[in-house]
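Please read the structure below before turning to the comments.
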Amino acid sequence: MYSVMVNPGKITKAVSRYIYGHFIEHLGRCIYGGIYEEDSPLSDERGFRKDVMEAVKKLKVPILRWPGGNFASNYHWEDGIGPKDQRPARFDLAWRSVETNRFGTDEYIEYCREIGAEPYICVNLGTGTLDEALRWLEYCNGEENTYYVNLRRKYGHMEPYGVKFWGIGNEMYGEWQVNHMNADEYAKIAKEYAKWMKVLDPSIKTIAVGHDDPEWNLRVLDVSGPHIDYISYHFYTGSEDYYETVSTVYLLKERLLGLKKLIDMSRVSQKRQIKIALDEWNVWYRVAEEGLEEPYELKDGLFACGVLITLQKMSDIVPIANLAQLVNALGAIHTESDGLYLTPVYKAFELLVNHSGQNLVETHIETETYDIDGRMFFTKTPFELGDVPYMDASATVSADGKKLYLAVVNYKKEDAVKVSITIKGMDEKIARAYVLSGPDVHARNSMDHPNVVDIVCEQIKVGSQFTHTFKPFSCTVIEIERD
2 MYSVMVNPGK
12 ITKAVSRYIY
22 GHFIEHLGRC
32 IYGGIYEEDS
42 PLSDERGFRK
52 DVMEAVKKLK
62 VPILRWPGGN
72 FASNYHWEDG
82 IGPKDQRPAR
92 FDLAWRSVET
102 NRFGTDEYIE
112 YCREIGAEPY
122 ICVNLGTGTL
132 DEALRWLEYC
142 NGEENTYYVN
152 LRRKYGHMEP
162 YGVKFWGIGN
172 EMYGEWQVNH
182 MNADEYAKIA
192 KEYAKWMKVL
202 DPSIKTIAVG
212 HDDPEWNLRV
222 LDVSGPHIDY
232 ISYHFYTGSE
242 DYYETVSTVY
252 LLKERLLGLK
262 KLIDMSRVSQ
272 KRQIKIALDE
282 WNVWYRVAEE
292 GLEEPYELKD
302 GLFACGVLIT
312 LQKMSDIVPI
322 ANLAQLVNAL
332 GAIHTESDGL
342 YLTPVYKAFE
352 LLVNHSGQNL
362 VETHIETETY
372 DIDGRMFFTK
382 TPFELGDVPY
392 MDASATVSAD
402 GKKLYLAVVN
412 YKKEDAVKVS
422 ITIKGMDEKI
432 ARAYVLSGPD
442 VHARNSMDHP
452 NVVDIVCEQI
462 KVGSQFTHTF
472 KPFSCTVIEI
482 ERD
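The numbering of the sequence shown is this note's numbering, which starts it at 2 and goes up by one.
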């Protein structure tokens with residue numbers, strides 16, 4: 002009934018490392034009190050929380066989106082450079098709070114370099130201008146003897162930052178966004194921004210705003226398509242019901258495939274290969290205030306596992322993804338003044354980032370299914386999925402082919418599942434199985450109990466044919482050294 006067949010010798014595609022990306026926004030305690038906390042005994046001389054940085058480095062964050070999010074639509078980047086004591090405090094319209102601007106472009110770039118992440122900057126299309134975006138790009142990437150390049154040098158940063166990824170606004174379709182606009186308005190503006198930013202720096206990649214509305218997406222693709230490289234998609238889910246939450250992995254997959262069809266239908270599709278950037282995704286339904294500090298449960302971590310496994314298999318279509326967000330505000334990491342704990346969503350990334358290869362290999366899965374019609378609590382949106390699998394899997398190999406990783410998520414809440422596994426050409430040997438699980442689907446970590454949901458490692462015997470029993474509500478990676 003349950004089986005997985007893997008052919009390690011047949012690589013089907015490369016897995017983009019950018020699918021494991023993250024996002025930080027000036028929202029609640031994501032930055033201030035999260036990654037950055039001046040005058041804290043836990044911070045270094047730059048203000049970076051050392052305990053947070055240590056946890057972030059374990060995730061090998063490949064790309065980090067900033068400064069928003071909604072915050073981007075009234076953020077003026079020049080407020081956040083130069084001597085910190087001379088930077089102006091501003092009222093932030095998006096989150097109705099005061100922004101001190103003590104964390105700005107230079108601090109963000111330094112943080113990206115410290116953790117080894119590619120920077121991804123989202124420009125202000127709300128209260129900002131094309132000229133302001135061009136100045137920002139010049140400040141970051143310029144090498145000539147011009148005003149903003151010399152300003153960066155004046156502040157102690159002699160070499161260009163080389164910011165490759167630039168988002169052309171955030172969710173500009175929404176009434177919650179400062180100066181939101183319709184599809185025609187946005188498509189024309191996105192075209193101008195992307196076109197002229199690429200005149201200034203032809204090496205950059207631009208990301209246009211995508212939407213659930215296919216008419217919006219087609220208009221944006223048709224008008225701005227010749228100048229953009231990605232179209233974004235945002236996905237938030239969540240329900241008190243376990244199966245409603247984890248099943249939306251397949252709802253997300255359907256929506257991404259639908260967006261890919263629209264890309265293929267657009268006028269630009271024959272000339273340029275535009276990809277999808279899933280640059281905001283997470284579980285979000287319990288909290289609307291207090292900095293959006295969502296108390297994540299094991300079920301939310303399993304949803305994250307399912308998304309990452311899906312993205313491994315779709316990364317030719319969706320090469321960029323950014324969890325929203327990294328710390329505290331919808332955060333994978335939760336901090337207090339005296340320490341932190343790691344949520345089940347963090348644990349999903351810890352498992353799959355550190356136990357996955359660079360190339361996807363041929364895999365065939367057979368599994369039981371269940372029927373699900375649900376409702377996402379946050380959006381109040383009903384969905385009809387019909388039959389969805391209890392089990393999903395992906396198999397990857399390291400770049401040198403010496404390690405095979407078989408990732409299996411068992412969504413079944415009631416029972417363990419015994420799976421027949423076939424691995425072509427595999428000799429009998431001892432392997433490691435890394436298992437993310439907990440006592441129940443609603444289990445949470447906390448400061449007092451930080452390891453209720455955790456990853457445990459056990460040794461198992463594998464071969465060309467073997468069976469393995471996967472715990473209920475768990476995600477497992479079987480890591481095999483190949484000869």
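Even for Gly, the Cβ is constructed at its ideal location relative to N, Cα and C.
For residue i, which residues in the same chain have their Cβ closer than 7 Å to its Cβ, ignoring the five residues on either side in sequence?
i	result
Gln87	none
Lys85	Arg103
Leu43	Arg50, Lys51, Asp52
Pro63	Arg18, Tyr19, Tyr21, Gly22, Ala118, Glu119
Ser267	Leu219, Leu222, Asp223, Gly226
Within 10 Å of its beta-carbon, does residue i have 16 or more other beta-carbons around it, so buried, or fewer, so exposed?
i	result
Ala289	exposed
Cys458	exposed
Asn151	exposed
Trp217	buried
Phe474	buried
His450	exposed
Trp137	buried
Asp132	exposed
Phe471	buried
Gly69	buried
Asp202	buried
Trp177	exposed
Asp230	buried
Glu1	Absent from the model: residue 1. The displayed extent of the chain is 2 to 484, so no value can be given.
Ala73	buried
Val308	buried
Ser438	buried
Do residue j and residue i have their beta-carbon atoms positioned less than 8 Å apart in this structure?
i	j	result
Phe1	Trp285	Nothing can be reported for residue 1, as the shown portion of the chain is limited to 2 through 484.
Trp67	Ile122	yes
Tyr76	Asn125	yes
Ala408	Ala394	yes
Thr397	Leu361	yes
Glu291	Ala325	no
Tyr243	Val389	no
Leu293	Leu28	yes
Lys381	Glu482	no
Gly10	Lys262	no
Lys206	Lys272	no
Ile169	Ala195	yes
Val549	Val420	Outside the shown range of the chain (2 to 484) lies residue 549, about which nothing can therefore be said.
Glu115	Met54	yes
Val179	Pro227	no
Met392	Tyr3	yes
Leu303	Val410	yes
Cys31	Ala330	yes
Can you tell which of the options has the C-alpha that lies nearest to the C-alpha of residue i?
i	options	result
Glu186	Met6, Gly70, Ser225, Met377	Ser225
Glu295	Ser447, Arg18, Arg103	Ser447
Gly332	Ile190, Val57, Tyr162, Gln466	Val57
Val328	His158, Pro63, Glu26	Glu26
Tyr412	Asn171, Thr249, Leu405	Thr249
Asp372	Tyr112, Pro63, Val247, Leu60	Val247
Met377	Lys14, Asp93, Leu253	Leu253
Gly157	Met266, Ser338, Ile82	Ile82
Gly48	Glu55, Glu39, Ala134	Glu39
Glu193	Leu135, Cys141, Ile232, Gly211	Leu135
Gly340	Gly35, Phe24, Cys31, Asn355	Gly35
Ala108	Leu94, Asp45, Glu139	One point to set straight first is that residue 108 is Glu, not Ala, in the sequence displayed. Out of Leu94, Asp45, Glu139, Asp45 has the C-alpha closest to the C-alpha of Glu108.
Leu257	Ala322, Gly143, Arg153	Ala322
Ile479	Ser438, Ala434, Gly439	Ala434
Leu94	His335, Trp78, Asn71	Asn71
Note down, in chain order, each residue of its chain lying with its Cβ closer than 6 Å to the Cβ of residue i, except the 5 sequence neighbours on either side.
i	result
His443	Glu298
His181	Met173, Gly175
Glu245	Gly375
Gly211	Asn218, Ile232, Ser233, Tyr234
Gly105	Gly81, Ile82
Phe467	Ile422
Thr13	Leu361, Glu363
Enumerate in chain order the residues of its own chain whose CB-to-CB distance from residue i is below 8 Å, with the five nearest sequence positions on each side excluded.
i	result
Ile1	Beyond the ends of the chain as shown, which are 2 and 484, falls residue 1; an answer cannot be given.
Asp214	Tyr174, Ala184
Arg445	Pro296, Tyr297, Glu298, Leu299, Thr344, Pro345, Val453, Val454
Val16	Gln313, Ser316, Ser357, Gly358, Gln359, Asn360, Leu361, Thr397
What do you reckon, is the C-beta of residue i under 7 Å from a heavy atom of the ligand FAD?
i	result
Ser421	Judged by which ligands are present, the structure shown has none, so any question about the ligand FAD falls away.
Does the contact criterion of 3 or more C-beta pairs under 8 Å hold for the stretch 333-348 versus the stretch 357-366?
No, because fewer than three Cβ pairs between the stretch 333-348 and the stretch 357-366 fall closer than 8 Å, the two stretches do not touch.
Flag this pair as touching only if the stretch 305-316 and the stretch 18-27 have three or more C-beta atom pairs under 8 Å; answer yes or no.
Under the Cβ criterion (8 Å, minimum of three pairs), the stretch 305-316 counts as touching the stretch 18-27.
Would you be able to state if there are at least three C-beta pairs under 8 Å between the stretch 459-476 and the stretch 231-240?
Output reads no: the stretch 459-476 does not touch the stretch 231-240.
Using 8 Å as the cut-off, can you tell me whether the stretch 315-322 makes contact with the stretch 260-278, which would need three or more C-beta pairs spanning the two stretches below that distance?
Touching, yes.
Flag this pair as touching only if the stretch 90-102 and the stretch 139-150 have three or more C-beta atom pairs under 8 Å; answer yes or no.
A contact between stretches requires three or more CB pairs, one per stretch, nearer than 8 Å, and the stretch 90-102 fails this requirement with the stretch 139-150.
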